[in-house]
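Please read the structure below before turning to the comments.
4 protein chains.
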Amino acid sequence: MTAILLLSCADQNGLVAKISNFISENNGNIVDLDEHVDSDQNMFFIRVAWRMNGFKIEKKDIYSKFQPLAEKFNAKWEINFTEQKPKLAIFVSKYDHALQEILWRNKFGEFNTEIVAIISNHPDLMGLSETYNIPFYHFPITKETKAEQEQREIELLKKMDIDLIVLARYMQILSANFVSQFPNKIINIHHSFLPAFMGGNPYKQAFERGVKMIGATSHFVTNDLDEGPIIAQDIIRITHKDSVKELVRKGRDLERLVLAKALHCFLEHRVLVHKGKTIVFE
Amino acid sequence: MTAILLLSCADQNGLVAKISNFISENNGNIVDLDEHVDSDQNMFFIRVAWRMNGFKIEKKDIYSKFQPLAEKFNAKWEINFTEQKPKLAIFVSKYDHALQEILWRNKFGEFNTEIVAIISNHPDLMGLSETYNIPFYHFPITKETKAEQEQREIELLKKMDIDLIVLARYMQILSANFVSQFPNKIINIHHSFLPAFMGGNPYKQAFERGVKMIGATSHFVTNDLDEGPIIAQDIIRITHKDSVKELVRKGRDLERLVLAKALHCFLEHRVLVHKGKTIVFE
Amino acid sequence: MTAILLLSCADQNGLVAKISNFISENNGNIVDLDEHVDSDQNMFFIRVAWRMNGFKIEKKDIYSKFQPLAEKFNAKWEINFTEQKPKLAIFVSKYDHALQEILWRNKFGEFNTEIVAIISNHPDLMGLSETYNIPFYHFPITKETKAEQEQREIELLKKMDIDLIVLARYMQILSANFVSQFPNKIINIHHSFLPAFMGGNPYKQAFERGVKMIGATSHFVTNDLDEGPIIAQDIIRITHKDSVKELVRKGRDLERLVLAKALHCFLEHRVLVHKGKTIVFE
Amino acid sequence: MTAILLLSCADQNGLVAKISNFISENNGNIVDLDEHVDSDQNMFFIRVAWRMNGFKIEKKDIYSKFQPLAEKFNAKWEINFTEQKPKLAIFVSKYDHALQEILWRNKFGEFNTEIVAIISNHPDLMGLSETYNIPFYHFPITKETKAEQEQREIELLKKMDIDLIVLARYMQILSANFVSQFPNKIINIHHSFLPAFMGGNPYKQAFERGVKMIGATSHFVTNDLDEGPIIAQDIIRITHKDSVKELVRKGRDLERLVLAKALHCFLEHRVLVHKGKTIVFE
Numbered sequence: 036m037t038a039i040l041l042l043s044c045a046d047q048n049g050l051v052a053k054i055s056n057f058i059s060e061n062n063g064n065i066v067d068l069d070e071h072v073d074s075d076q077n078m079f080f081i082r083v084a085w086r087m088n089g090f091k092i093e094k095k096d097i098y099s100k101f102q103p104l105a106e107k108f109n110a111k112w113e114i115n116f117t118e119q120k121p122k123l124a125i126f127v128s129k130y131d132h133a134l135q136e137i138l139w140r141n142k143f144g145e146f147n148t149e150i151v152a153i154i155s156n157h158p159d160l161m162g163l164s165e166t167y168n169i170p171f172y173h174f175p176i177t178k179e180t181k182a183e184q185e186q187r188e189i190e191l192l193k194k195m196d197i198d199l200i201v202l203a204r205y206m207q208i209l210s211a212n213f214v215s216q217f218p219n220k221i222i223n224i225h226h227s228f229l230p231a232f233m234g235g236n237p238y239k240q241a242f243e244r245g246v247k248m249i250g251a252t253s254h255f256v257t258n259d260l261d262e263g264p265i266i267a268q269d270i271i272r273i274t275h276k277d278s279v280k281e282l283v284r285k286g287r288d289l290e291r292l293v294l295a296k297a298l299h300c301f302l303e304h305r306v307l308v309h310k311g312k313t314i315v316f317e
Numbered sequence: 036m037t038a039i040l041l042l043s044c045a046d047q048n049g050l051v052a053k054i055s056n057f058i059s060e061n062n063g064n065i066v067d068l069d070e071h072v073d074s075d076q077n078m079f080f081i082r083v084a085w086r087m088n089g090f091k092i093e094k095k096d097i098y099s100k101f102q103p104l105a106e107k108f109n110a111k112w113e114i115n116f117t118e119q120k121p122k123l124a125i126f127v128s129k130y131d132h133a134l135q136e137i138l139w140r141n142k143f144g145e146f147n148t149e150i151v152a153i154i155s156n157h158p159d160l161m162g163l164s165e166t167y168n169i170p171f172y173h174f175p176i177t178k179e180t181k182a183e184q185e186q187r188e189i190e191l192l193k194k195m196d197i198d199l200i201v202l203a204r205y206m207q208i209l210s211a212n213f214v215s216q217f218p219n220k221i222i223n224i225h226h227s228f229l230p231a232f233m234g235g236n237p238y239k240q241a242f243e244r245g246v247k248m249i250g251a252t253s254h255f256v257t258n259d260l261d262e263g264p265i266i267a268q269d270i271i272r273i274t275h276k277d278s279v280k281e282l283v284r285k286g287r288d289l290e291r292l293v294l295a296k297a298l299h300c301f302l303e304h305r306v307l308v309h310k311g312k313t314i315v316f317e
Numbered sequence: 036m037t038a039i040l041l042l043s044c045a046d047q048n049g050l051v052a053k054i055s056n057f058i059s060e061n062n063g064n065i066v067d068l069d070e071h072v073d074s075d076q077n078m079f080f081i082r083v084a085w086r087m088n089g090f091k092i093e094k095k096d097i098y099s100k101f102q103p104l105a106e107k108f109n110a111k112w113e114i115n116f117t118e119q120k121p122k123l124a125i126f127v128s129k130y131d132h133a134l135q136e137i138l139w140r141n142k143f144g145e146f147n148t149e150i151v152a153i154i155s156n157h158p159d160l161m162g163l164s165e166t167y168n169i170p171f172y173h174f175p176i177t178k179e180t181k182a183e184q185e186q187r188e189i190e191l192l193k194k195m196d197i198d199l200i201v202l203a204r205y206m207q208i209l210s211a212n213f214v215s216q217f218p219n220k221i222i223n224i225h226h227s228f229l230p231a232f233m234g235g236n237p238y239k240q241a242f243e244r245g246v247k248m249i250g251a252t253s254h255f256v257t258n259d260l261d262e263g264p265i266i267a268q269d270i271i272r273i274t275h276k277d278s279v280k281e282l283v284r285k286g287r288d289l290e291r292l293v294l295a296k297a298l299h300c301f302l303e304h305r306v307l308v309h310k311g312k313t314i315v316f317e
Numbered sequence: 036m037t038a039i040l041l042l043s044c045a046d047q048n049g050l051v052a053k054i055s056n057f058i059s060e061n062n063g064n065i066v067d068l069d070e071h072v073d074s075d076q077n078m079f080f081i082r083v084a085w086r087m088n089g090f091k092i093e094k095k096d097i098y099s100k101f102q103p104l105a106e107k108f109n110a111k112w113e114i115n116f117t118e119q120k121p122k123l124a125i126f127v128s129k130y131d132h133a134l135q136e137i138l139w140r141n142k143f144g145e146f147n148t149e150i151v152a153i154i155s156n157h158p159d160l161m162g163l164s165e166t167y168n169i170p171f172y173h174f175p176i177t178k179e180t181k182a183e184q185e186q187r188e189i190e191l192l193k194k195m196d197i198d199l200i201v202l203a204r205y206m207q208i209l210s211a212n213f214v215s216q217f218p219n220k221i222i223n224i225h226h227s228f229l230p231a232f233m234g235g236n237p238y239k240q241a242f243e244r245g246v247k248m249i250g251a252t253s254h255f256v257t258n259d260l261d262e263g264p265i266i267a268q269d270i271i272r273i274t275h276k277d278s279v280k281e282l283v284r285k286g287r288d289l290e291r292l293v294l295a296k297a298l299h300c301f302l303e304h305r306v307l308v309h310k311g312k313t314i315v316f317e
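Each protein sequence line maps, in turn, to chains A, B, C and D. So the first sequence is numbered by the working numbering: it starts at 36 and just counts up by one. So the second sequence is numbered by the working numbering: it starts at 36 and just counts up by one. So the third sequence is numbered by the working numbering: it starts at 36 and just counts up by one. So the fourth sequence is numbered by the working numbering: it starts at 36 and just counts up by one.
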């Protein structure tokens, strides 16, 4: 088992020394360490992973033992353990490619997660959920029922103690109330290279503008549509020969890969958020 | 010597046959042919290159001989010859990297062009022009003198019978009057993946948005800033470690390559424009 | 319905004209045409697609009507129709990712094919075949039974009139006899950027060499292992942090995409083979 | 001014703590830290950068003060300072593109280096050297004079106390004797994605194999031709349309970028070598 610390605070002398001393003095061996100093903002960010094998502090006591140090730095922090799989809920509508990709990769052991729910406003992907033995929850949504249904979703998610929500081409805009319940815990895939082509029909927008590449962007959801902190993005080249239909086909590959990458990074506790941007320790 | 036809018209049966017959009956051998049918717009686009060696029509007579056929199709067309190098004027301000790249590549024989003028609102790059023996014209521009100076530039460019103007990080916005004199004859390089980050300081905009890649876009200049038909674009990945200064450094490589690619395509007569978009026959 | 001609022959004047006349005179409208002249080898290659709607020659008569023209050129050629789906057999062993990808894409309508058989030397992927309702054939292979089992496979494939065989991480080397039965009809995916890291364990080879990128290559199978004509290849960047296990994980994405691309090109009749190399009209 | 430690040793508990304590106790502020643990080889690699402003140990004393710690770890290590520019000698023959690129980037301030010599077996690039005011040394080499001329080069390089030699398309193979004088101090650019297409004429080899991409690789020179530790590599896509001449043209861009990247990493002290492979802390 490995412990992973994610921490951010105002930059100051001795941060790495104090943190690595805490680990070293308790007989932990650091297997991975990455840090970033943002000189403009005077901020310090770090991810440290160390083996729990032989570590003198028991897992259950680590929080309380590390707490005093973190308080001295006035830090935002969390410690996770590789044996604790974050709980994931996937929101979908009718498209199956992003869901299929996540389920397939998870079966292959690529993701450090337990998928506890697939939630949809349509029943279409129930069959796929069953193939992979994941509970499927159907919450049909109309303009009238949206607030109420979201409330039921929130209750379900809270009850299941969800760590992450992934919108795998979920075709509903979440309300401000919903989003506020899960800050930096909702990841979306948008099928354009943001900030270009925000909003609906980005492939059509891209076709009409005549760009020579299309993209996909995975980002945290905030209340500003398609403006949340970006975790991963990529592009592929297109030409004048590509119709909108071809863009949709080629874009599906990107959506799958970019979402998978963002998810992989999050589940390995590699992502920090600060002032609308991410630090991704790859 | 090779002749290159670029033609567009409404789609109809027999276009390829008639065009290739014209070439074949006059004993021309096609060495390259690429066509595109846009079914939505019912448009036909073609680029055909054939060897003039053995061709029964003399170069000077080709226009008049092809004219009747083109009229039947109601086509927009041009025929160019590899031995006739398009005349190029390069606009610059103070940054030398894009200019340096063009001059260097041209010396290496990469571009089918004759560079006849380097025009600048600043004197800084005169030395570089001299190294490559290209006439340098200095047109200082203030708010008050802009209209007048542009008029002088237009006259100079017309007198030199310019085929293409490249804005190699020229830091002035050309007036609508200037642009209208050279439709689809002015190529710009913008240092972002358009349509994202239009206008000034795109690297700073990119940094502030927290994107995970930066781009460059080469496009024809129209009177809508950064909205002209896109010829080429590309990106490179960045991370949270990259400051604005690093983006500028990394972006320079992209700017040089993307502009060079657009220029190369144009000078080989591979670019057609239709309704705000390009067809690039690579 | 669209007809697609693939043709190659020695280069000579008038080829495009004669071929496009044949189409035009019979009232066909060309929707896509791409050609390539290899001046070194004096070879001509073309792909032409035209609408059969309104074409004066019936589908069943096209071969005999085009035959005389092709004979004049001494051409190698074939004509296919979009409504005729090539029949595909997929060979697998135990890894499911390449198979899963093909089945998933096919269900999504990306491939112009009918998958008629999944053939394996192991029973492991029978379940996946059943999910997609594709007949699964299990041919266990030992050193002693190889010749005999391959003979049975050949008979099955001939009986089903297979157009293409895809080796989707099939972990057996096909015998020279087998390969000779299906010239340019067997596509393999090799998990390296060929010609580097031929043979077994390419990811381990890559790790040991310390390359900064890994690749995947899809190629036609010939009797020289991993030396057949290359259809598609791509790479992704890696770093010193990537263990062999990480290379395997990252490489899977490449394998899936590169094989899918090669397959897509073949099934749209975009691939010609000449002297150990491919012409891919994308 | 920033101090940069590069260190490698057998992995053991407390390495990061001890190193960061050394810095912290002397009032240094770490601005960048990257480490890598190779569990297979039980090796530890680290790069740490800290501000010398306010650091209690003077620059001239750092070596002796750090020495005891490094000895305890039995480490291989070096400490460099940003204000000390590594001295670079560039070897060229007749091609100017790689040289031009380095000189141009250096003028632009991209490289942390002092270029002290351009050494060539041909006089062709003397003019370019003069433009940039770099001393040019001409050592014509024949089979008979090679040993003697190399000896003179070695003496010159030793006298100038060179930190790095870059072979910018130098068309001579350095002797084992020469190479042994500068272990991990000679960087070459090879115009293929190694280990494919080693040796001469890689573009021709690539063309003949029919690959769908070409590459460039920058690596340390060892006595096994094109088999030294790889620092950077990249590729671009090509098609059947590209002649060898086109590959040369397109490849030049790659060569320039990949060599520049390797050089940039080395000059910022980001490269460690261990058992034929590199760790590049980007």
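The beta carbon of each residue, even a glycine, is placed where N, CA and C say it ideally should be.
Exercise for review: Give the secondary structure of D73(A) by DSSP, where H, G and I count as helix, E and B as strand, and everything else as coil.
Suggested key: The answer is strand: DSSP assigns D73(A) an E or B state.
**Study point:** Through-space distance from T37(D) to W139(D), alpha-carbon basis
**Key:** 25 Å
Check your understanding: E93(A) by DSSP, collapsed to three states: which one?
Key -> coil
Exercise for review: Keeping to the same chain, check which residues put their C-beta closer than 6 Å to that of G263(A); ignore five residues upstream and five downstream.
Suggested key: H254, F255, V256 and T257
Review point. Along the segment 49-77 of chain A, what residues have a CB closer than 9 Å to any CB found in chain D?
Key: G49, L50, V51, A52, K53, I54, S55, N56, F57, I58, S59, E60, N62, G63, N64, I65, V66, D67, L68, D69, E70, H71, V72 and S74
Point to revise | Whole-number beta carbon distance between A110(D) and I224(D), since they are thought to touch under 8 Å | key: Not confirmed; about 31 Å, so no contact.
Practice item. May I have a chain-ordered list of the beta strand (DSSP E) segments no shorter than 3 residues that lie completely inside the segment 179-220 of chain A? Key: 199-202
Check your understanding: Per DSSP, which one or two residues make a beta bridge with V306(D)?
Key -> V315(D)
Check your understanding: Which chain D residues are close to D288(B), counting only those with a beta carbon under 7 Å from its beta carbon?
Key -> Among the residues of chain D, those whose CB is under 7 Å from the CB of D288(B) are L292, following chain order.
Review point. Which one or two residues does DSSP pair with R272(C) in a beta bridge?
Key: M248(C)
Review point. Given a threshold of 16 other Cβ atoms within 10 Å of its Cβ, counted over all protein chains shown, does S55(D) qualify as buried or as exposed?
Key: buried
Review point. Considering only C-alpha positions, which residue in the set R291(D), P158(D) and K122(D) is nearest to H226(D)?
Key: H226(D) has its Cα closest to that of R291(D), out of R291(D), P158(D) and K122(D).
**Study point:** Proximal chain D residues relative to F228(C), where beta-carbon distance stays under 9 Å
**Key:** F228, A231, V246, M248, G250 and I270
**Study point:** Under 9 Å from the C-beta of R86(C): neighbouring residues of chain A
**Key:** Residues of chain A passing the Cβ test: none, with the nearest at roughly 16 Å.
Review point. In its own chain, which residues sit with a C-beta less than 6 Å from the C-beta of P158(A), not counting the 5 before and 5 after it?
Key: H173
Exercise for review: Check P232(B) in the structure and name its three-state DSSP category.
Suggested key: According to the sequence as given, residue 232(B) is Phe; it is not Pro. DSSP, reduced to helix, strand and coil, places F232(B) outside both helices and strands of the structure shown, so it counts as coil.
Practice item. Would you kindly report the start and end of the unbroken beta strand (DSSP E) that includes F126(D)? Key: F126(D) -> beta strand (DSSP E) spans K122 to V127.
**Study point:** 7 Å Cβ cutoff met for I273(A) and I249(A)
**Key:** yes
Check your understanding: When the distance is taken between beta carbons, is V66(A) closer than 7 Å to A84(A)?
Key -> yes
Exercise for review: Would you tell me roughly how many angstroms separate the C-alpha atoms of I221(D) and V293(A), rounded to the nearest one?
Suggested key: Rounded to the nearest whole angstrom, the CA to CA distance from I221(D) to V293(A) is 38 Å.
Check your understanding: Under the rule that 16 or more other beta-carbon atoms within 10 Å means buried, what is D131(C), buried or exposed?
Key -> buried
Check your understanding: What are the residues that DSSP puts in a beta bridge with E145(D)?
Key -> Per DSSP, none; premise fails for E145(D).
Check your understanding: Interface residues of chain B around E145(D) at Cβ under 7 Å?
Key -> R284
**Study point:** Cα-Cα separation, L289(A) to T252(A)
**Key:** Cα-Cα distance, rounded: 9 Å.
Practice item. For the beta strand (DSSP E) holding M346(C), just list the boundary residues, first then last. Key: The displayed coordinates of chain C run from 36 to 317. Any statement about residue 346(C) would go beyond what the structure contains.
Check your understanding: Closest to K280(A) by CA distance: which of K239(A), L260(A), R244(A) and K296(A) is it?
Key -> K239(A)
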